[in-house]
């Protein structure tokens, strides 16, 4: 038996999240169907089990989710990506396929996940941007948000940053880095000639990105951190309340769960690959 | 009578271009319907005429197209944007509305239009990017493209860069600037801490942007320039052929029309506003 690892990217807009469900279209469901067909065509007997790394919510995007399956099918490891893409809709792509050790597990092998939460802060939303960004009309003070960055970093009990319904024993998680970035509206990177050439547009504003890396996350944790930082940036929640949320674990001390569309799972880096 | 100017942004994916058509959904058609309803509700008598600046093709996006209409309706100039947005689908937004002089005309008042053509140059397309970028598998040499930048700049007969069907007397146009930019795959701007943190992904590659500003463009001109520059970057068309295309006006010396989805009309700057 060989264990094949897939790196998967998707536009989550039209999916009810990653995890397979009875009466809804999910990324895992569509990928599982394509994989079952492919392996069956190649002579694989029986059901195929797909194990995913991150069960992203409905509407959340990914540029690097990870899944594995075991098969006896003889095909060059990198070919599975191309064969699957030929059977998948355009909004799901397998970016890479490769053979990994039998011991590798997408969820249990220690890893570092990087998520980005993007906010479009303009007077009026721009349709070419809002598919992957949460639009906010009110002017956000990014310096306020930056003052709260350090509060999240390290090993903490993130009970206040977890939606009800999570079935986990411990709510202690480690955030390795969290940074808030600001870009001019052109989207071409700050300070470049290209950026400068286009900033004098009708709808001045900025794009804010919250980039967070950690070894594990609770249900809705990144979206609640984003919702909390947004309230801080709007002057509606002070830094001390955020500190207390971490110390005391009261969900009401954290902000609301920010909308799914702004969140993208960027990358999962495994310790075994470094 | 007041003349009201609208700055309009749209995701062109689901539209058969700007210009109103009988049996197709177009941006102008949808905007005209919303405007007619709004003005009629406000007591405006008779048909409303909408005059657009750029008749973008099917699938082309805009972050700053311009249109005007005349009305006697008394409403604060900036309110038209909000009132129209309440009646428009989410993939069309009026970014600004303002009263302009009766002499202002979206097409005849001298202006500078900026278009961006975006290319995703990776092994496998990334679904969160390909809605607004043309995906190319083969590695493009951006330095080759840059060598061709200057050929286009200035006043030239662009007959070789115009699709058949254009009903114009003169094919002389002026390109004021043309620049080819490269960004790392993270999309966060080159050389930034954020960019660096995410470039080690499964699907290494780059985003190429062709930014072109001119006082007027022929039918499909920007897309044919992009198609030509792509061939130059792939080593399939040499710089001398591109020079000859400008000098002799033979369409076969230029490249193919690059796909619509990669093109965005970024901004139109009028001389009367400077």
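Chains as they are written, first to last, in the working numbering: chain A, 1 to 274; chain B, 1001 to 1274. All residues carry an ideal CB built from backbone N, CA and C; glycine is no exception.
Sequence-distant residues of its chain with Cβ nearer than 6 Å to residue i (five each side left out)
i	result
residue 1029 of chain B	1020
residue 1254 of chain B	1160, 1161, 1224, 1228 and 1245
residue 261 of chain A	59
residue 1100 of chain B	1003 and 1005
DSSP bridge partner residues for residue i (one or two, in chain order)
i	result
residue 214 of chain A	A:113 and A:175
residue 8 of chain A	A:65 and A:94
residue 206 of chain A	A:121 and A:184
residue 71 of chain A	A:2
residue 107 of chain A	BP columns for residue 107 of chain A are empty, so no partner.
residue 263 of chain A	A:117
residue 270 of chain A	A:111
residue 231 of chain A	Beta-bridge pairing links residue 231 of chain A to no other residue.
residue 1051 of chain B	B:1068
residue 157 of chain A	A:172
residue 134 of chain A	A:119
residue 99 of chain A	A:4
Residues near residue i in its chain [Cβ-Cβ closer than 7 Å; skip 5 each side]
i	result
residue 1234 of chain B	1138 and 1140
residue 1222 of chain B	1115, 1117, 1212 and 1263
residue 276 of chain A	Past the boundaries of the shown model lies residue 276 of chain A; chain A is included only from 1 to 274, so the question cannot be answered.
residue 107 of chain A	53
residue 1256 of chain B	1227
residue 125 of chain A	135
residue 266 of chain A	63, 64, 114, 115 and 116
residue 217 of chain A	113 and 173
residue 1010 of chain B	1027, 1061, 1062, 1091 and 1092
residue 1250 of chain B	1160
Near the ligand HEM: residue i beta-carbon under 7 Å from a heavy atom
i	result
residue 1222 of chain B	In the structure shown, the ligand HEM is absent, as is every other ligand, since no ligand is present at all.
Neighbouring residues, chain B, relative to residue i (Cβ below 9 Å)
i	result
residue 178 of chain A	Those do not exist, as residue 178 of chain A stays about 12 Å from chain B at its closest Cβ, beyond 9 Å.
residue 229 of chain A	Neighbours of residue 229 of chain A on chain B: none; closest Cβ ~16 Å, over 9 Å.
residue 234 of chain A	Near residue 234 of chain A there are no residues of chain B at all, since even the closest Cβ is about 21 Å away, more than 9 Å.
Pair within 8 Å by beta-carbon distance, residue i and residue j
i	j	result
residue 150 of chain A	residue 3 of chain A	no
residue 127 of chain A	residue 1090 of chain B	yes
residue 1032 of chain B	residue 1073 of chain B	no
residue 1219 of chain B	residue 1177 of chain B	no
residue 1209 of chain B	residue 1113 of chain B	no
residue 230 of chain A	residue 120 of chain A	no
residue 1096 of chain B	residue 1038 of chain B	no
residue 110 of chain A	residue 215 of chain A	yes
residue 1131 of chain B	residue 123 of chain A	no
residue 1012 of chain B	residue 1268 of chain B	no
residue 1094 of chain B	residue 1081 of chain B	yes
residue 180 of chain A	residue 236 of chain A	no
Cβ distance (whole Å) where residue i is taken to contact residue j below 8 Å
i	j	result
residue 1005 of chain B	residue 1098 of chain B	6 Å
residue 1062 of chain B	residue 1008 of chain B	6 Å
residue 133 of chain A	residue 207 of chain A	7 Å
residue 1142 of chain B	residue 1182 of chain B	5 Å
Contact list for residue i against chain B, beta-carbon separation under 7 Å
i	result
residue 33 of chain A	In chain order: nothing, as chain B lies at least about 17 Å away.
residue 39 of chain A	Under the 7 Å cutoff, chain B gives no residues; its nearest Cβ is about 20 Å from residue 39 of chain A.
Cut-off 8 Å between Cβ atoms - residues of its own chain near residue i, not counting five sequence neighbours on either side
i	result
residue 104 of chain A	3, 5, 68, 270 and 272
residue 1049 of chain B	1069 and 1070
residue 172 of chain A	155, 156, 157 and 158
residue 14 of chain A	25 and 91
residue 1035 of chain B	1048, 1050, 1069 and 1084
residue 1165 of chain B	1219
residue 153 of chain A	175, 176, 177 and 178
residue 1 of chain A	70, 71, 72 and 102
Proximal residues of chain A, C-beta to C-beta of residue i below 9 Å
i	result
residue 1182 of chain B	Correct list: empty, because the minimum Cβ distance to chain A is about 10 Å.
residue 1061 of chain B	127 and 128
residue 1136 of chain B	Chain A residues near residue 1136 of chain B: none, gap ~15 Å exceeds 9 Å.
Chain-ordered neighbours of residue i on chain A, where CB pairs are closer than 7 Å
i	result
residue 1264 of chain B	128
residue 1218 of chain B	The contacting residues do not exist; residue 1218 of chain B stays about 23 Å from chain A at best.
residue 1120 of chain B	By Cβ distance, chain A contributes nothing, its closest Cβ being about 11 Å from residue 1120 of chain B, past 7 Å.
Under 8 Å by beta carbon: chain B residues contacting residue i
i	result
residue 91 of chain A	1127
residue 85 of chain A	1124
residue 81 of chain A	1124
residue 305 of chain A	Outside the modelled stretch of chain A, which goes from 1 to 274, sits residue 305 of chain A, for which no answer is possible.
Interface partners of residue i on chain A, CB under 8 Å
i	result
residue 1131 of chain B	11 and 131
residue 1226 of chain B	None at all; the shortest Cβ gap to chain A is about 16 Å.
residue 978 of chain B	With chain B running from 1001 to 1274 in the structure shown, residue 978 of chain B is simply not present.
8 Å Cβ cutoff, residue i in contact with chain D
i	result
residue 219 of chain A	Reference to chain D is not applicable here, since the protein chains of this structure are A and B.
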